[in-house]
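Report on the following structure.
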Amino acid sequence: MTVERSYDTIYNLLATATKNITKPQILSASDSIDRDILTECSKWDQQGFA
Numbered sequence: 006m007t008v009e010r011s012y013d014t015i016y017n018l019l020a021t022a023t024k025n026i027t028k029p030q031i032l033s034a035s036d037s038i039d040r041d042i043l044t045e046c047s048k049w050d051q052q053g054f055a
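The sequence shown finishes on residue 55 if you use the numbering used here, and the numbering steps up by one all the way, no holes.
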């Protein structure tokens with residue numbers, strides 16, 4: 006399953022639960038989570054834990 010497809014799945018599930026959420030809102034939230042993960046991973050890389 007691709008990342009984009011999993012976002013679509015999450016979006017579809019949330020869309021059925023609430024009609025107030027738009028796909029761009031979910032994608033931007035996902036992007037910020039991805040950035041946080043990448044930031045943490047790069048910190049670990051710099052410390053030599055990877």
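Every residue gets a Cβ at the ideal spot worked out from N, C-alpha and C, and that includes glycine.
Going by DSSP in three states, residue i sits in which element: helix, strand or coil?
| i | result |
| --- | --- |
| leucine 19 | helix |
Could you pull out every residue in the same chain whose Cβ sits closer than 6 Å to the Cβ of residue i, ignoring the five residues on either side in sequence?
| i | result |
| --- | --- |
| leucine 43 | none |
The region 31-38 touching the region 9-16, judged by at least three CB pairs closer than 8 Å: yes
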